[in-house]
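A.B. asks:
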Amino acid sequence: MTRTDKLAYSLHRISGLVGGLFLLMLSLTGCILLFDNAIDGWLNPSIVTVAAPANGGRQPYDAAVQTLQKQFPNAQLRNLILYPGATNRALRADLNEGRERLWAYVDPYTGRFLGQRNMQNAFVRQVRNLHEHLLAPPIGDWVLLLVGICLVTSVLTGTWYYRKSLLSVFSIGVRWNKPKRIVYGDLHKYLGVAALLFLLIMGATGTFFHWEKTVDRLFGEERPRGPRPEPVALKLNTSVDALLAKSATTVPGFVAEVISFPDGPDGPLVVRGNGADANPFYGKFTAATEFDPNTGELTKVFNANEADAEYKFEHINEELHYGRFGGLISKTIYFILSLAMTIVTATGLLIWWTKRR
């Protein structure tokens, strides 16, 4: 074994141990986040899911806005999630009521208010906060930056160390009849090679995200800080449905996904979604239209295909990390690979443990 190989093995072992338990958590929470909407529906069927009528006709979205205004007369309506492709999904509104963030639900077919809950207490929200911040930003962001670097280091050093026998793992397979230490080793190498590209993508994109949240913010341009403004109740002088119709005629093939309401008296109303030319690697929403909420005048049209390189790079990283770019197919593949990542991490820790005994 050369000195370089010894160094690579040492770095592989150290980086795996440092990031090991965190990587187990990240791979498991990542599996949940791949199907967060479905899981949220299973956990909260009485307010999240609805029965679509035979005719499938939705009420105007203005009716849903009016329902929310009556139910929460003093709250700030931030977003209305439309779920256009899910016939059994309730509309979800994000609101600020005082200092409390709420998710409120309206039946899109009847306009009936279904219920509300604290956003921060939602299971899928807590899982996302754990996955992205360890429940403790900004300290958690720094820890996850280190974990991302450890994963990249572990993948690269492991690839280097086993470079001469990398593909032989598929012919050897997993020798289940051998002692546990050998079984752990075979599983670790077999799944590590099978999921090699996925592990590298997860490490690189995760490192990029937390580099932005930590190092960039620490040494970048200082962002203005101040007290959070008090929520302002929504007062619209124009029809939401009219703005959605105008968006559909402005952007070819436009399908609206989210309506973002003004966050202040002079803020725009933004309709986000995807047009016919949507590139799934450029984010969940690749098109948007902005309106003056008082006059209904169209003030801006956004198309991700025309965005700058920085925007595209950031969103490509996000889609590669979360596996949304291919719909259910890519999410299923990512789920399987995330389970492989869990086993690779667990067996690496078990190999270290058995060698200590």
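Heads up, the sequence shown stops at 1131 in my numbering, and the numbers go up one at a time, no gaps.
Glycine included, C-beta positions come from ideal geometry on N, C-alpha and C.
Keep in mind the model is a prediction, meaning the values are calculated, not measured.
To the nearest angstrom, how far is the alpha carbon of T812 from that of A860?
C.D. replies: Just to set this straight, residue 812 is Ala in the shown sequence, not Thr. Each residue's alpha carbon lies about 11 Å from the other.
A.B. asks: Give me whichever residues DSSP pairs with K1074 in a beta bridge.
C.D. replies: DSSP output for K1074 lists E1064 as bridge partner(s).
A.B. asks: Pop quiz: S928 and H786 are said to be a contact at Cβ under 8 Å. What is the actual Cβ separation, rounded to whole angstroms?
C.D. replies: Confirmed, about 6 Å.
A.B. asks: Work out the CA separation of T1063 and N853 for me, nearest whole Å.
C.D. replies: Those two C-alpha atoms are separated by around 14 Å.
A.B. asks: Have a look at Q843, T1024, D1037 and S801 and flag the residue whose alpha-carbon is nearest the alpha-carbon of G977.
C.D. replies: Residue S801 is the option with its Cα nearest to G977.
A.B. asks: To which residues does DSSP link S1034 through a beta bridge?
C.D. replies: In the DSSP output, where bridge partners are listed per residue, S1034 has N853 and V1044.
A.B. asks: Select from E1080, N1079 and L1111 the residue whose C-alpha is nearest the C-alpha of L1094.
C.D. replies: Residue L1111 is the option with its Cα nearest to L1094.
A.B. asks: Considering only residues of the same chain and omitting the five flanking positions on each side of L1010, which have a CB-CB separation below 6 Å?
C.D. replies: If we look at L1010 and ignore the five residues flanking it on each side, its Cβ neighbours are P1067.
A.B. asks: Give the secondary structure of Y936 by DSSP, where H, G and I count as helix, E and B as strand, and everything else as coil.
C.D. replies: Coil, per DSSP.
A.B. asks: Please identify the residue among S789, G1122 and W1127 whose C-alpha is closest to the C-alpha of L965.
C.D. replies: Of S789, G1122 and W1127, the residue nearest in Cα terms is G1122.
A.B. asks: According to DSSP, what are the bridge partners of A867?
C.D. replies: BP columns for A867 point to L854 and A878.
A.B. asks: Would you call Q900 buried or exposed, if buried means 16 or more other Cβ atoms sit within 10 Å of its Cβ?
C.D. replies: Classification for Q900: exposed.
A.B. asks: Apply the 10 Å Cβ neighbour rule to K1020 and answer buried if 16 or more other Cβ atoms are within range, or exposed otherwise.
C.D. replies: The residue in question, K1020, is buried, as its Cβ has 16 or more Cβ neighbours within 10 Å.
A.B. asks: Are the CB atoms of R891 and W877 within a distance shorter than 9 Å?
C.D. replies: Cβ atoms of W877 and R891: closer than 9 Å.
A.B. asks: Would you kindly work out how many angstroms separate the C-alpha atoms of G885 and P1039, rounded to a whole number?
C.D. replies: Rounded to whole angstroms, G885 to P1039 spans 27 Å at the Cα level.
A.B. asks: Starting from the C-beta of F804, find all residues in its chain whose C-beta is less than 6 Å away, skip the five residues before and the five after it, and write them out in chain order.
C.D. replies: Per the sequence presented here, residue 804 reads as Gly, with Phe not at that position. S1112, listed in sequence order.
A.B. asks: Measuring CA to CA, which of S784, A1061 and S1104 is closest to W934?
C.D. replies: For the residues S784, A1061 and S1104, the minimum Cα distance to W934 belongs to S784.
A.B. asks: Going by DSSP in three states, T861 sits in which element: helix, strand or coil?
C.D. replies: In the structure shown, T861 sits in coil (DSSP, three-state: anything other than H, G, I, E or B).
A.B. asks: Does the region 1090-1110 come within contact of the region 1048-1058, defined as at least 3 CB pairs closer than 8 Å?
C.D. replies: Yes, the region 1090-1110 is in contact with the region 1048-1058.
A.B. asks: My understanding is that A1120 touches L798, with C-beta atoms under 8 Å, so please give their C-beta distance in whole angstroms.
C.D. replies: Correct: roughly 6 Å between the Cβ atoms.
A.B. asks: Can you tell me whether DSSP reads V1029 as helix, strand or coil?
C.D. replies: Strand.
A.B. asks: Kindly indicate which three-state DSSP category T1106 falls into: helix, strand or coil?
C.D. replies: It is helical.
A.B. asks: Please determine, among D1051, A838 and Y857, the residue with the shortest C-alpha to C-alpha distance to F887.
C.D. replies: Among D1051, A838 and Y857, the Cα nearest to that of F887 belongs to A838.
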